[in-house]
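Asks:
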Amino acid sequence: MTSEFAVELRDVVKRFITPEGNEIAAVDHVTMQIKNGEFFSMLGSSGCGKTTSLRMIAGFEWPTEGEVYIEGKAMGHTPPYQRKVNTVFQSYALFQHMTVFQNVAFGLEMEGVKESEIKQRVGRALEMVQLTGMERRKPKQLSGGQQQRVAVARALVKTPEVLLLDEPLGALDLKLRKEMQLELKALQQQLGITFIYVTHDQEEALTMSDRIAVMSKGRVQQLATPVEIYERPVNKFVADFIGESNFLEGKIKSISKDEAVVHIPALNADIRGMPMARDMVNGEEVIVSIRPEKVRIVESGAKTDGIFKARVMNSVYIGSDTHVYAELDGVRLKVMEQNRISRLDPSSFYNKDQVISLLFLPENTLVLKKD
Amino acid sequence: MLQRLRESKSMQGALLALPTTLWLLVLLIIPLFLTLVVSFGQRSPDGNVIYSFTLDNYTRLLGYNTDCPAGQSSCFDPLYVNILWRSLSLAFNTTVIVITLAYPLAYFIARATPKRRNLFLFMVLIPLWTNFVIRVYAWMMLLRKEGAINIALGWLANLFNIPFAPLEMLYTPGAVLVGMVYEFLPFMILPIYTSLEKIDNSLYEAAADLGANAFRTFLRVTLPLSMPGVVAGTILVFIPVMGTFIVSDILGGRQVILVGNLIQRQFLDARDPTFGSAASLILMVMTLIVTYFYTRKFGFGEEIVSA
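Chains as they are written, first to last, in my numbering: chain A, 75 to 445; chain B, 59 to 365.
1. With DSSP as the reference, please indicate the residues paired to MET348 of chain A in a beta bridge.
2. Report the partner residues of CYS133 of chain B according to the DSSP bridge assignment.
3. Less than 8 Å between the beta carbons of ILE157 of chain B and VAL299 of chain B, yes or no?
4. Should SER416 of chain A go down as buried or exposed, given a rule of 16 or more other Cβ atoms within 10 Å for buried?
5. Which residue's Cα is closest to the Cα of THR92 of chain A: B:ALA328, B:THR171 and B:PHE91?
6. Does the beta-carbon of ARG312 of chain B have 16 or more other beta-carbons within 10 angstroms, so that it is buried, or is it exposed?
7. Would you mind reading off the limits of the alpha helix (DSSP H) that contains ASN259 of chain B?
8. Under 8 Å, Cβ to Cβ, is there at least one residue of chain A near THR353 of chain B?
9. Hey, out of A:LEU407, A:ILE392 and A:GLU191, whose CA is closest to ARG385 of chain A's CA?
10. When you compare each of A:ILE267, A:GLY404 and A:GLY317 to LEU280 of chain A by their alpha carbons, which one comes out closest?
11. Measuring CA to CA, which of B:ARG101, B:LEU86, B:ARG144 and B:ALA149 is closest to VAL295 of chain B?
12. Inspect the beta-carbon positions of ARG129 of chain A and ILE144 of chain A and report whether they are closer than 8 Å.
13. So if DSSP puts MET289 of chain A in a beta bridge, which residue, or which two residues, is it bridged to?
14. Please report the straight-line C-alpha distance between VAL84 of chain B and LEU92 of chain B, rounded to a whole angstrom.
15. With a cut-off of 8 Å on the beta carbons, I'd call LEU168 of chain A and VAL224 of chain A a contact; round off their distance for me.
16. In chain order, what residues of the stretch 269–282 of chain B put their CB closer than 8 Å to some CB of chain A?
17. Report yes or no: do three or more beta-carbon pairs, one from the stretch 232–247 of chain B and one from the stretch 185–204 of chain B, lie closer than 8 Å?
18. Look at the alpha carbon of GLY207 of chain A and the alpha carbon of ARG228 of chain A, and state the distance between them as a whole number of angstroms.
19. Taking only beta carbons into account, state which residues of the stretch 249–268 of chain B come closer than 8 Å to chain A, listed in chain order.
20. Whose CA, out of B:MET198, B:ALA265 and B:GLY269, lies closest to the CA of VAL236 of chain B?
21. Any chance the stretch 254–273 of chain A sits against the stretch 291–310 of chain A, with 3 or more Cβ pairs inside 8 Å?
22. Please report the straight-line C-alpha distance between SER127 of chain A and ALA351 of chain A, rounded to a whole angstrom.
23. Which one of A:ASP332, A:SER330, A:GLU411 and A:PRO339 has the shortest CA to CA distance from PRO366 of chain A?
24. Using a Cβ-Cβ distance cut-off of 8 Å, determine whether HIS171 of chain A contacts chain B.
25. Compare the Cα-Cα distances from PRO89 of chain B to each of B:LEU339, B:MET59 and B:ARG323 and report the closest residue.
26. Whole angstroms are fine: how far does the CA of LEU432 of chain A sit from the CA of VAL196 of chain A?
27. Just to make sure I have the definition right: I need the residues of chain B whose C-beta is within less than 7 Å of the C-beta of GLY181 of chain A. Which are they?
28. To test your reading of the DSSP string, which unbroken alpha helix (DSSP H) runs of 4 or more residues are found completely within the stretch 273–354 of chain B?
29. For chain B, is any of its Cβ atoms less than 8 Å away from the one on LYS232 of chain A?
30. Three-state secondary structure (DSSP) at THR188 of chain B?
31. Under the three-state reduction of DSSP, which class applies to ILE209 of chain B: helix, strand or coil?
32. List the residues of chain B that PHE315 of chain A touches, going by C-beta distances under 8 Å, in chain order.
33. Would you say MET350 of chain A faces chain B, with C-beta separation under 8 Å as the test?
34. My parser needs the alpha helix (DSSP H) runs of 4 or more residues fully inside the stretch 147–176 of chain B; what are they?
35. Taking the beta strand (DSSP E) that ILE381 of chain A belongs to, which residues open and close that run?
36. In terms of residue numbering, what span does the beta strand (DSSP E) encompassing GLN107 of chain A cover?
Have a look at this one:
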């Protein structure tokens, strides 16, 4: 390995001209460094620039500005067939006129690998994705999951330094998707190569990734580990996009390194939480974010800081959890409670108009910059 | 009856196929049968058919004459065999040239932006708005001695002070070939375009990703996936070229006689429907044989990916 980073994007911009003639930046000054052997995800909704970024690494698109580096080498306008990366396409892009074997062998043939070696390596690749015995089938004769495996085998047989995966599980049903997530992750750990994975499914990204780049509007919003992304989102977009969150608008009353006191006008009360940015100042307009599962419903009557009386508007039993929607001085909050005790007694659930007490612990409450 | 029709899918199918079946029966099967019967007949001196069973028409076509020069009981006359062979090779050459011209154009159209694609397809189809015969006459205007091409060449020669004599292009095999290629080009462009257009862009990207350059991608991915279009186009071009007589009539004059012209003349000029029928059937059999071997090798242009 010549470089610490498998792939690096330095200040990359990609502009497109829309059919209407407008110029849009699909990728807008993106910088990221993807380490060797890492499972790296780019997460965001459609149009956030994740797929365009991936395509620039693969070489299907060239940056308008900035540079893509693979193994420390600037790629410039290097065509895809000269890059040491391979792609698993969203639609699999299997060659329908070839058998499974021919599909997987294609990349090796292009390299001029000897026939006996091709046979051996294709065999091993198919074994890796558990498709031994399917060599002579055509892609149309396979299920969606099997086609997906062929696409993975076809890319991996080339032993790339980096495997690029563009929403590879998007077309599969939920159960199969979960299975494939674990399989892909296991495969990545076993092979020790870098995976760059594009998805819009946050759960998928959280499950599989070592690090995630959350993207929106062509920019990287946050690049961090799954735990950091979920527990310490840097802005409202990330807090909102990953998981669910309750947001309250307010103004900083006092601030130290670890704690900020925020006055919430809607509640006419102060809430204490952790500041998520270093450059916050007194009087700054901020957003307080608290996850539904981190709001605690406590015995009414307790009179400590951070306890608010709320009225139940609706409660939904969803098996493992109960979701309680409560109203707090005109502000709607969502609270998630785990159903830790098995019971059929409906009175144990929260009824409409029942008054409950909600506890916001400072360590569960995040103070975010308003963007 | 109505109740049964409502329930039975096969009866519904039969009913839907009935009009076409009747049409084909009256206008294809019965005439074909009559042609077969007539082809075994003899021509009466006044040009009527005497129904009998003789293979004379066929042996004459294949060159074995019964009325030979004195002293010979049988002799070989290659006149008609040559015509058949000329038709076959012209159809073959036309098809090959049409593929060579149509494929790059279809490829170009298929890879254009959707808006321009429609414009190009429109341009391919525009000539078909004019009558077939008129289009062939247009070529006559271009190719004849005082035609547009010779005028242009003469003007150019004059410009560079080169001596120039008008080219004899009309009434040559080349003129017929040019006319055929022109007439049948759209029937090759469209099916090839259709199968090229269906190829997803991600397949080209996958090939590039796996290490194939543009040339190898074309050979290994584009070409095989567009073969159904080439096959369909070949069938659409080869068969009509084998039988058509208008192009050779107008652009070939008396110089280029094809089997189509032979048949036409037997019915209209020579008034020998028995010989004309035999020639028609030989043409049909030849076309069927070629098509049979061709489709056995390449299929009918259906999806090669079907499981």
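By construction, the Cβ of each residue, glycine as well, lies at the ideal position given by its N, Cα and C atoms.
Replies: Inspection of the coordinates gives the following:
1. The partner list for MET348 of chain A (beta bridge, DSSP) reads A:LEU440.
2. In DSSP, CYS133 of chain B forms a bridge with B:ASN123.
3. No.
4. That one is exposed.
5. The shortest C-alpha separation from THR92 of chain A is found at B:THR171.
6. Exposed is the call here.
7. From DSSP, the alpha helix (DSSP H) with ASN259 of chain B extends over 259–267.
8. No, THR353 of chain B lies away from the interface with chain A (no Cβ there is under 8 Å from its Cβ).
9. That would be A:LEU407, whose Cα lies nearest to the Cα of ARG385 of chain A.
10. Closest option to LEU280 of chain A, Cα to Cα, is A:GLY317.
11. Nearest C-alpha to VAL295 of chain B: B:ALA149.
12. No.
13. By DSSP's assignment, MET289 of chain A forms a beta bridge with A:VAL294.
14. In this structure, the straight-line span from the alpha carbon of VAL84 of chain B to that of LEU92 of chain B is close to 11 Å.
15. Between VAL224 of chain A and LEU168 of chain A the Cβ distance is about 6 Å, and since that is below 8 Å, they are a contact.
16. Listed by position along the chain: GLY269, ALA270, ASN271, ARG274, ARG278, VAL279 and PRO282.
17. Verdict: yes, contact present.
18. Distance between the alpha carbons of GLY207 of chain A and ARG228 of chain A is about 16 Å.
19. So the list reads ASP258, SER260, LEU261, GLU263, ALA264, ALA265, ALA266, ASP267 and LEU268, given in the order they occur along the chain.
20. Nearest option by C-alpha distance: B:MET198.
21. Too few Cβ pairs lie closer than 8 Å, so no.
22. Computed Cα separation, rounded: 27 Å.
23. Residue A:GLU411 is the option with its Cα nearest to PRO366 of chain A.
24. Taking Cβ atoms only, chain B reaches closer than 8 Å to HIS171 of chain A, which makes this a yes.
25. Among B:LEU339, B:MET59 and B:ARG323, the Cα nearest to that of PRO89 of chain B is on B:LEU339.
26. Here the alpha carbon of VAL196 of chain A sits roughly 59 Å from the alpha carbon of LEU432 of chain A.
27. The answer, in chain order, is LEU268 and GLY269.
28. List check, alpha helix (DSSP H) in window: 281–301 and 317–326.
29. By this cut-off, LYS232 of chain A is an interface position.
30. Reduced to three states, the DSSP call for THR188 of chain B is coil.
31. Correct three-state label for ILE209 of chain B: helix.
32. Going along chain B, no residue has its Cβ under 8 Å from PHE315 of chain A, so there is no contact; the nearest lies around 27 Å.
33. So no, MET350 of chain A is outside the interface.
34. Taken in chain order, the stretch 147–176 of chain B contains no complete alpha helix (DSSP H) segment of 4 residues or longer.
35. For ILE381 of chain A, the enclosing beta strand (DSSP E) starts and ends at 381–391.
36. Note, GLN107 of chain A: beta strand (DSSP E), 97–109.
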